[in-house]
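All remarks here apply to the structure that follows.
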Amino acid sequence: MASLTAVTSIVGILVLGLFAVPSYAQDGRETQEKLAPVMLVLDASDSMNGDDPSGGSKLDAAKSALRKMIDQLPAEAEVGLTVYGSEAEVSDEQASCADIKTAFEVAPMDRDGMRSAVDDIDARGWTPIGGSLEHAAAELPDEGPRSIVLISDGAETCAPPEACEAAKSLGHAGVELKMHAVGFDIDEAGRNELECIAEAGDGDYVDAPDAGTLEEELPKIAERALRVYESEGIRVRGTETLNKAPELRPGQYLDRIGTGAARYYRVDVPDGMGVHAAATLIRPADEGQGGTAASYVDLKLINRNDDQCDSDRVVDSDMNWTSHNTPSVYADISEDADCYTGEGRYFLRVERGDSGRAEGERDIEILVAFEPPARGEQTSSTEEVPFAEPSGQAQEAVGGSSFNKATELTGSGIYTDRIGYGEAAFYRVPLDWGQGLSYQVHFGDSGTQGITNMLTRVYNPVRANGYDLGATGAYGGRSTELGPIQTAPVYHGNRESGSIEAEVASLAGDYYIMVQLAHPRMDDTPIDIDFELTLNITGQPSDPPQYAKVKDYPAEVMYDLVANTAAVRVDGVTTTSRPALLVGIGAGVAILGLGAFGLRLWLRSRRSGAA
Numbered sequence: 001m002a003s004l005t006a007v008t009s010i011v012g013i014l015v016l017g018l019f020a021v022p023s024y025a026q027d028g029r030e031t032q033e034k035l036a037p038v039m040l041v042l043d044a045s046d047s048m049n050g051d052d053p054s055g056g057s058k059l060d061a062a063k064s065a066l067r068k069m070i071d072q073l074p075a076e077a078e079v080g081l082t083v084y085g086s087e088a089e090v091s092d093e094q095a096s097c098a099d100i101k102t103a104f105e106v107a108p109m110d111r112d113g114m115r116s117a118v119d120d121i122d123a124r125g126w127t128p129i130g131g132s133l134e135h136a137a138a139e140l141p142d143e144g145p146r147s148i149v150l151i152s153d154g155a156e157t158c159a160p161p162e163a164c165e166a167a168k169s170l171g172h173a174g175v176e177l178k179m180h181a182v183g184f185d186i187d188e189a190g191r192n193e194l195e196c197i198a199e200a201g202d203g204d205y206v207d208a209p210d211a212g213t214l215e216e217e218l219p220k221i222a223e224r225a226l227r228v229y230e231s232e233g234i235r236v237r238g239t240e241t242l243n244k245a246p247e248l249r250p251g252q253y254l255d256r257i258g259t260g261a262a263r264y265y266r267v268d269v270p271d272g273m274g275v276h277a278a279a280t281l282i283r284p285a286d287e288g289q290g291g292t293a294a295s296y297v298d299l300k301l302i303n304r305n306d307d308q309c310d311s312d313r314v315v316d317s318d319m320n321w322t323s324h325n326t327p328s329v330y331a332d333i334s335e336d337a338d339c340y341t342g343e344g345r346y347f348l349r350v351e352r353g354d355s356g357r358a359e360g361e362r363d364i365e366i367l368v369a370f371e372p373p374a375r376g377e378q379t380s381s382t383e384e385v386p387f388a389e390p391s392g393q394a395q396e397a398v399g400g401s402s403f404n405k406a407t408e409l410t411g412s413g414i415y416t417d418r419i420g421y422g423e424a425a426f427y428r429v430p431l432d433w434g435q436g437l438s439y440q441v442h443f444g445d446s447g448t449q450g451i452t453n454m455l456t457r458v459y460n461p462v463r464a465n466g467y468d469l470g471a472t473g474a475y476g477g478r479s480t481e482l483g484p485i486q487t488a489p490v491y492h493g494n495r496e497s498g499s500i501e502a503e504v505a506s507l508a509g510d511y512y513i514m515v516q517l518a519h520p521r522m523d524d525t526p527i528d529i530d531f532e533l534t535l536n537i538t539g540q541p542s543d544p545p546q547y548a549k550v551k552d553y554p555a556e557v558m559y560d561l562v563a564n565t566a567a568v569r570v571d572g573v574t575t576t577s578r579p580a581l582l583v584g585i586g587a588g589v590a591i592l593g594l595g596a597f598g599l600r601l602w603l604r605s606r607r608s609g610a611a
């Protein structure tokens with residue numbers, strides 16, 4: 001839990017709680033995304049009648065900030081308002097400590113109704129923070145990601161329940177309930193209590209010293225809900241040595257890793273099986289805003305003797321931000337591999353190295369897939385598919401927030417979207433054997449004078465990316481293009497072609513396009529930038545490779561052997577569930593930052609142990 005500056009302010013912390021979460025049909029299929037519900041808790045105790053440092057009362061400043069927030073929230077947001085201390089007089093302690101009410105129920109956005117509720121608030125009584133947190137939690141749905149945002153100018157005065165103890169109790173009871181706190185012109189004792197609440201609720205504390213800062217910054221950060229990378233996977237905890245490393249079967253896993261740390265995971269591989277793996281380190285948007293140091297993620301597939309089967313390293317400069325670092329590895333575990341020690345235990349080693357700007361643990365997704373050997377000679381091609389402007393009208397496609405929530409693009413066409421600074425949008429394109437894709441990204445003219453880095457990349461179904469399968473450039477407010485980016489047609493034999501870019505196009509399935517806008521150099525920038533993604537899918541589907549049978553494994557690429565088939569023992573707990581959303585509201589916090597334009601250093605240091 002970090003203490004943030006006032007620039008994030010009340011609405012900044014609110015929109016952190018509004019990132020999209022999936023809803024599901026009864027048959028388990030993902031149907032659509034909606035914004036997670038949020039309950040605001042506003043302090044209307046007598047102290048809020050006090051003077052705001054920038055003029056007027058603190059209550060007037062808070063109400064003004066809330067009205068502006070209401071104007072800027074997305075139409076699909078679900079936000080409620082709880083108020084304490086607004087009716088019973090301060091002279092009646094018992095009545096005032098029970099004075100907690102829902103001023104506006106959590107519901108689809110009703111701007112007029114919520115403004116009216118804000119207008120009716122008066123400041124009168126005591127400060128029952130603990131009871132208000134419990135009340136707010138009860139007003140939110142019982143399940144799914146949800147958030148409480150507390151705005152207060154002081155500490156609890158009505159215990160029991162103690163504010164921090166109430167937050168801890170709620171935090172233990174609901175892992176998907178997050179609690180954020182905003183200290184408005186608050187003293188040290190109050191700040192300590194609100195920081196405790198945010199820490200207990202896996203949220204963030206924001207210090208807002210005056211209304212002036214809020215008035216200046218709120219319109220910029222309240223216009224949209226931030227895209228925040230949504231981590232997914234089966235919880236696992238890697239070890240610091242090979243000994244007792246947890247076993248990973250085909251599937252997706254989620255761990256946390258600190259600066260300068262390394263983690264080991266065991267992969268039991270049958271003789272002749274191919275292993276694909278990737279490690280996606282998620283980076284908050286407040287990282288990479290200047291400086292010359294570098295951050296890296298290193299992934300190695302090794303045997304028990306520490307001989308490398310394959311390795312990959314992704315390095316980024318602190319001069320700029322990228323939403324994630326994703327190295328990937330692949331090796332055939334057969335007698336032809338230098339690292340071969342027979343079937344059995346091989347290991348993934350993930351290492352994170354960061355500058356001082358990126359301290360603390362970060363989520364890391366680990367993807368493992370098995371691929372049996374293919375029979376006979378395989379087709380290959382290193383030639384890029386051509387890029388051509390498709391015909392037809394442009395259609396809107398709102399990009400997802402991560403690989404896991406990528407929006408499907410169903411065919412060639414022109415797709416439109418908007419992106420904010422410090423955001424990344426993900427799309428997925430299904431490619432069959434014999435097909436390839438090419439695309440171009442066109443950023444519109446916004447008139448801003450700020451300069452920032454723009455970036456796009458394409459990844460294969462196991463998140464591998466070649467250096468040339470992407471583009472980067474500087475966006476300065478004028479119409480700018482990236483690309484075209486062109487893959488080879490997808491053939492199994494491409495992995496033996498000697499071209500890293502062609503090797504990426506060696507598996508049929510979903511290919512991922514990421515579009516990203518980093519941090520602006522100046523603060524006179526609009527919230528969102530319009531862009532077009534022009535996509536062209538080339539080639540007719542061809543016959544798939546014929547995979548050999550390996551023991552009792554299916555004769556196909558296995559991405560999710562764990563799900564509904566076999567149990568995996570992780571940290572003493574056996575689970576058979578599918579990879580699920582494990583990070584709730586605000587856990588993947590992203591703060592819109594201002595930074596200098598910089599070049600992203602992309603270093604892929606691959607070394608294969610195959611003969």
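In UniProt numbering, the protein residues as written are 1 to 611. Glycine residues also receive a C-beta, built at the ideal position from the N, C-alpha and C atoms.
| Quick one: what's got a C-beta closer than 7 Å to proline 141's C-beta in the same chain, skipping five residues either side? | Pro37
| message | From the DSSP secondary-structure annotation, give me the bridge partner or partners of alanine 262. | response | Glu351
| task | Whole angstroms is fine: what's the gap from isoleucine 186's alpha carbon to threonine 102's? | result | 24 Å
| task | Flag this pair as yes or no: are the beta carbons of alanine 397 and tyrosine 415 separated by less than 8 Å? | result | yes
| query | So proline 489 packs on glycine 434, CB below 8 Å; how close in whole Å? | reply | 6 Å
| field | Contact between the region 421-428 and the region 537-553 (3+ Cβ pairs under 8 Å) | value | no
| query | For serine 47, which residues from the same chain have a beta carbon less than 7 Å from its beta carbon, with the 5 sequence-adjacent residues on both sides left out? | reply | Asp153, Gly154
| query | How far does the alpha helix (DSSP H) with serine 96 in it reach, from first residue to last? | reply | 93-97
| Span of the beta strand (DSSP E), counted from its first residue to its last, around arginine 428 | 423-431
| query | In the DSSP assignment, what are the bridge partners of asparagine 305? | reply | For asparagine 305, which the question treats as bridged, DSSP gives no partner whatsoever.
| field | Span separating the alpha-carbon of phenylalanine 531 from that of aspartate 417 | value | 6 Å
| query | With DSSP run on the structure shown, which of helix, strand or coil describes asparagine 243? | reply | coil
| message | Tell me whether the region 128-143 and the region 175-184 touch, counting them as touching only if at least three CB pairs, one residue from each stretch, are closer than 8 Å. | response | yes
| query | How about aspartate 46: is its C-beta nearer than 8 Å to some C-beta of chain D? | reply | Absent here is chain D; the protein component of the structure consists of one chain.
| request: Would you tell me roughly how many angstroms separate the C-alpha atoms of valine 441 and alanine 505, rounded to the nearest one? | output: 20 Å
| message | Restricting to Cα atoms, I'd like to know which of Ile364, Phe370, Asn49 is closest to isoleucine 257. | response | Ile364
| Can you tell me where the beta strand (DSSP E) with histidine 442 in it begins and where it stops? | 436-443
| field | glutamine 72: first and last residue of the uninterrupted alpha helix (DSSP H) it sits in | value | 58-72
| query | Under the DSSP definition of a beta bridge, which residues are partnered with glutamate 371? | reply | Gly274
| field | Burial state of glycine 447, where buried means 16 or more other Cβ atoms lie within 10 Å | value | exposed
| said: Assuming contact is defined by CB atoms lying nearer than 8 Å, are arginine 124 and serine 86 in contact in what I supplied? | reply: yes
| Selected residue, minimal CA-CA separation from glycine 509, among Gly477, Glu156, His492, Ala198 | His492
| message | Helix, strand or coil for arginine 457? Go by DSSP, reduced to three states. | response | strand
| request: Kindly indicate the opening and closing residues of the beta strand (DSSP E) around glycine 190. | output: Counting along the chain, glycine 190 falls outside any beta strand (DSSP E), though it belongs to the alpha helix (DSSP H) covering 188-200.
| said: For isoleucine 129, report the span of its alpha helix (DSSP H) as first-last. | reply: 129-139
| query | Quick one, which of Met109, Ile100, Ala208 has its alpha-carbon nearest cysteine 158's? | reply | Ile100
| request: Run the CB neighbour count on tyrosine 459, radius 10 Å, all protein chains shown included, and call it buried at 16 or more, exposed below. | output: buried
| task | Return the chain-ordered list of same chain residues with a C-beta closer than 7 Å to the C-beta of glycine 539, the five sequence neighbours on each side being excluded. | result | Val385, Gly434, Gln435, Gly436, Pro489
| message | Using only the alpha-carbon positions, how far apart do alanine 566 and glycine 251 sit? | response | Summary for alanine 566: the model assigns pLDDT 34, below 50, so the residue's position carries little reliability, and this model does not support an answer.
| query | In terms of residue numbering, what span does the beta strand (DSSP E) encompassing leucine 42 cover? | reply | 38-43
| Counted within 10 angstroms of its Cβ, other Cβ atoms place alanine 225 as buried (16 or more) or exposed | Low confidence applies to alanine 225: its pLDDT is 33, below 50, so where it sits in the model is not reliable, and the reading given next is rough at best. Alanine 225 comes out buried.
| Applying the criterion that 16 or more other CB atoms from any shown protein chain within 10 Å of the CB defines a buried residue, is glutamate 383 buried or exposed? | exposed
| Outcome for proline 108 when other beta-carbon atoms lying within 10 angstroms are tallied against a minimum of 16 | exposed
| said: I'd like the list of long-range same chain contacts for tyrosine 340, defined as Cβ closer than 7 Å, with 5 residues on each side in sequence excluded. | reply: Ile333, Ser334
| What do you get for phenylalanine 403, buried or exposed, if any count of 16 or more other CB atoms within 10 angstroms of its CB means buried? | buried
| field | Residues near asparagine 303 in its chain [Cβ-Cβ closer than 6 Å; skip 5 each side] | value | Cys339, Thr341, Tyr346
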